[in-house]
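S.K.: The sequence shown runs 23 to 149 under the working numbering.
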Amino acid sequence: MARRLTIFLFGVILGLLMINFIFPDRIKEQWNYFSLDYRVIYHLKQDTIYLGPDAICKLECLSLDQDEVLQVLEDGEVNFDKSVTDSEPCKTYTIEKENISAVFELCSEKVRLQDFTIDNDTCSCSN
Numbered sequence: 023m024a025r026r027l028t029i030f031l032f033g034v035i036l037g038l039l040m041i042n043f044i045f046p047d048r049i050k051e052q053w054n055y056f057s058l059d060y061r062v063i064y065h066l067k068q069d070t071i072y073l074g075p076d077a078i079c080k081l082e083c084l085s086l087d088q089d090e091v092l093q094v095l096e097d098g099e100v101n102f103d104k105s106v107t108d109s110e111p112c113k114t115y116t117i118e119k120e121n122i123s124a125v126f127e128l129c130s131e132k133v134r135l136q137d138f139t140i141d142n143d144t145c146s147c148s149n
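#1: On the CB-based measure, 16 or more other CB atoms within 10 Å of its CB, does threonine 28 come out buried or exposed?
#2: Any chance the region 43 to 52 sits against the region 108 to 121, with 3 or more Cβ pairs inside 8 Å?
#3: Given that a residue counts as buried once 16 or more other Cβ atoms are within 10 Å of its Cβ, and exposed if not, what is leucine 66?
#4: Between the region 72 to 88 and the region 35 to 45, do at least 3 Cβ pairs fall closer than 8 Å?
#5: Output the residue ranges of the alpha helix (DSSP H) runs that lie fully inside the region 25 to 78 and measure 4 residues or longer, sorted by chain position.
#6: I'd like to check one pair, glycine 74 with aspartate 141: are the Cβ atoms closer than 8 Å?
#7: Rounded to whole angstroms, how far is the Cβ of leucine 95 from the Cβ of isoleucine 63, which I believe are closer than 8 Å?
#8: Runs of 4 residues minimum, wholly inside the region 70 to 141: which ones carry the alpha helix (DSSP H) assignment?
#9: For isoleucine 71, which residues from the same chain have a beta carbon less than 6 Å from its beta carbon, with the 5 sequence-adjacent residues on both sides left out?
#10: Grab me the residues of glutamate 127's own chain with a C-beta within less than 6 Å of its C-beta, minus the 5 sequence neighbours each way, in chain order.
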C-alpha cells in the first residue's frame, strides 16, 4: 500500500513539474484565481473597457491617457467597502492603487470606467 502511494505521489509531482515547464505560470495563475481580488480584476481586464462621461471629462481635464488610468488594474486592490456587488444587472467595483482610485461598472455585456480620482485632482466634472 505504501509503495502504491509513493508511486502515485511521484507521478503527481512529475505531472505538476511537466505542466509548469510546458505552460509557465499556469499553476500559479490557477491558484491565484481563488483570491477574490484577483478574480474581480481578471474579469474586468477580459473585456473592452468603455469610458463613462465623467471619466472622459477627467482624462481631458488632467491631460491623461486612458492607459495611465487603467494601470490601476495591474497591481490595484479591490475596495469592497466602496463597491456595490449585489446590484443587478451591473456590479460596481472600486479599484485602488497608490494615489488613484477608479470605479468600474461590470455588466454581462461590457465593462465601463465610470469615474476615477487622483490625489491633488482639481477637475470638477459632475454631470
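Just so it is clear, CB atoms sit at the ideal spot from N, CA and C, and this is done for glycine as well.
M.R.: So, to answer that:
#1: Taking the first residue of the sequence shown as position 1, residue 28 is located at position 6. A residue is called buried once 16 or more other Cβ atoms fall within 10 Å of its Cβ, and threonine 28, having fewer, is exposed.
#2: No, because fewer than three Cβ pairs between the region 43 to 52 and the region 108 to 121 fall closer than 8 Å, the two stretches do not touch.
#3: For the purposes of this step, residue 66 is identified with residue 44 of the sequence shown, where counting begins at 1. By the Cβ neighbour-count rule, leucine 66 is buried, with 16 or more other Cβ atoms within 10 Å of its own.
#4: With contact defined as three or more Cβ pairs closer than 8 Å, the region 72 to 88 and the region 35 to 45 are not in contact.
#5: Within the region 25 to 78, the complete alpha helix (DSSP H) segments of 4 residues or longer fall at 48 to 54 and 58 to 67, listed in chain order.
#6: Here residue 141 is taken as the residue at index 119 of the sequence shown, counted from 1. Here residue 74 is taken as the residue at index 52 of the sequence shown, counted from 1. Against a cut-off of 8 Å, the Cβ pair of glycine 74 and aspartate 141 comes out as no contact.
#7: Within the sequence shown, residue 95 is the residue found at index 73, counting from 1. Within the sequence shown, residue 63 is the residue found at index 41, counting from 1. Rounded, the Cβ-Cβ distance is 6 Å, consistent with contact.
#8: Qualifying alpha helix (DSSP H) stretches, in chain order: 75 to 84, 88 to 92 and 94 to 97.
#9: Here the question's residue 71 lines up with position 49 in the sequence shown. The residues are Val133 and Leu135.
#10: The sequence position of residue 127 within the sequence shown is 105, counting from 1. Residues of the same chain with a CB within less than 6 Å of the CB of glutamate 127, apart from the 5 flanking positions on each side, are Cys112, Thr114, Arg134 and Gln136 in chain order.
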